[in-house]
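These notes are about the structure you will find just below.
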RNA sequence: GGCGCCUUGGCCGAGUGGCUAGGCAGCGGCCUGCAAAGCCGUCCACGCCGGUUCGACUCCGGCAGGCGCCUCCA
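Residue numbers (the numbering used here): 225 to 649.
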């Protein structure tokens, strides 16, 4: 399998099977209910893990939770820990709603502070960081490869928050001394404070996956500065860090990136309630993971129609033909091309290759599309009554009963010698 | 100002130097008491302008439009 790597700007092959594929996907800062855009890296990470396992890799996924941060302090003055705990639970509940299972580890910053502190200490010892006024900053000028991942030229990077403590305006915080109004803190050699945003990922990824690992994922908007800084911190210590940088495209809503700061958000919770897990997953599947994808009524309705196509196909008679898995596998092995894989699933649906279809859908946790539902007794009774009316050529009564069944949420489909009852969507 | 990405038919979306993507929607038909499901057929393409080539949607250049990042952001 190969994946596009932001660092080398090329498709990079994964190590030979069977080998470990260790993945770290950046998770959310928990200060509000997560929106659908936040779900994209989660879904992609879980699918990637499923596919790697399906094809014989030992895949491991770490997905962190940033539970101490300026935004959390701002959102809940005096009660930041409570908000973080509540929002963490929301995130766990919301992502569980996709039915994709859980990442192998979901570390929280607040549970990894000692490891982060040692990481910073080592950077200070080696001259890559300096403490000043209770803070610790990374010395960007000392790391010659700075800017390589994002293509940013250090001399062109704008400085937005002047900070007289820094040696160089481009230096970024590894440790932030406690300020007025911040209600959580941890001890450190530089005084009480808390980790900066970027260091947590370097520390947590390496703690759980080792100094180098295969894939680091996250949204395209994290390339700079977040991932550039992570890379600088880890490489400064001589660690290999990520082999492949996998950045997913942004989710667009009303023509722009869905983001809390723009206010054009729909939460995962709301989206799942409105569209359901299967439609939402098929929506994500319909776009390539690196490209932007538009969340709109039209694209979601198309995803819902796909779901229905697959459900109907899975109710038909299986052709028994099990040949052709390679088309699906090669699509996914080639930069995880889910739109191409989806086309193969549709071809299998048309050809009634139901075994393959089920197996393919299972990779994406969409096997529930094949679930059949038993109509309740009162609906079954109406269907029986209609069958009798129809046999007696009392079509007026038969149509009335079918309407009644429909009103109760079931669709009656006549078949040779009988009928079937299907839940209406 | 700097860095980068994208542009395929009504919509989503794959792909290739000459040969069918696939889906949704539409249209015609078969089947059905009527439907639904299914099946068959079918309309609609490669942003614009140049160049390379026997031939480009596919390669090169320019232009236009859209999007992302530049220390809050999945």
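Even for Gly, the Cβ is constructed at its ideal location relative to N, Cα and C.
Computed from a prediction, not measured in an experiment: that's the story for all the values here.
Return the first residue and the last residue of the alpha helix (DSSP H) that residue 259 is part of.
-> Premise fails: residue 259 is in no alpha helix (DSSP H) and is neither H nor E.
Endpoints, the alpha helix (DSSP H) within which residue 625 is located | 619–631
Report yes if the C-beta distance between residue 419 and residue 468 is below 7 Å; otherwise report no.
-> no
Starting from residue 247, trace the alpha helix (DSSP H) both ways and give me its first and last residue.
-> First-last for residue 247: 244–249, but that is the beta strand (DSSP E), not the alpha helix (DSSP H).
Measure the Cβ-Cβ separation of residue 426 and residue 417 and say whether it is below 7 Å.
-> no
How long is the line joining the alpha carbons of residue 589 and residue 290, rounded to whole angstroms?
-> 27 Å
Roughly how many angstroms separate the alpha carbons of residue 314 and residue 610, rounded to a whole number?
-> 46 Å
Per DSSP, residue 356 is paired with what?
-> 359
Beta strand (DSSP E) containing residue 282: first to last residue?
-> 282–287
Per DSSP, what kind of secondary structure is residue 366 in: helix, strand or coil?
-> helix
In terms of residue numbering, what span does the beta strand (DSSP E) encompassing residue 471 cover?
-> 465–472
When the Cα atoms are used, what is the spatial distance from residue 475 to residue 631?
-> 36 Å
Nonlocal neighbours in the same chain, by C-beta distance under 6 Å from residue 374, ignoring five residues either side = 447, 448, 452
The beta strand (DSSP E) enclosing residue 393, as first and last residue numbers = Taken as a continuous stretch (DSSP letters only), residue 393 belongs to no beta strand (DSSP E), as it is neither H nor E.
Can you tell me the Cα-Cα spacing of residue 444 and residue 640, whole angstroms?
-> 53 Å
Own chain, CB closer than 6 Å to residue 334, minus 5 neighbours either side, in chain order | 291, 292
Going along the chain, which residues of its own chain have a beta-carbon closer than 8 Å to the beta-carbon of residue 574, five neighbours each way excluded?
-> 537
Nearest-angstrom beta carbon gap, residue 276 and residue 559 [assumed within contact, 8 Å] = The pair is not a contact, with the Cβ atoms about 14 Å apart (cut-off 8 Å).
Could you tell me the distance, in whole angstroms, from the CA atom of residue 256 to the CA atom of residue 311?
-> 6 Å
For residue 269, which three-state DSSP category applies?
-> helix
Just grab the DSSP bridge partners of residue 634 for me.
-> 647
Do you know offhand how far residue 461's Cα is from residue 357's?
-> 24 Å
To the nearest whole angstrom, what separates the beta carbons of residue 279 and residue 225, a pair I think is in contact under 8 Å?
-> 7 Å
Check whether residue 363 and residue 352 have beta carbons under 7 Å apart | yes
Run the proximity test for residue 630: is its beta-carbon closer than 6 Å to any non-hydrogen atom belonging to the ligand MN?
-> For the structure depicted, the ligand MN is absent and the ligand set is empty, with no information on it obtainable.
What residue does the alpha helix (DSSP H) around residue 566 start on, and which one ends it?
-> 562–575
With a threshold of 16 other CB atoms inside 10 Å of the CB of residue 508, please say whether the residue is buried or exposed.
-> buried
Spatial distance of residue 393 from residue 387 (CA atoms) = 7 Å
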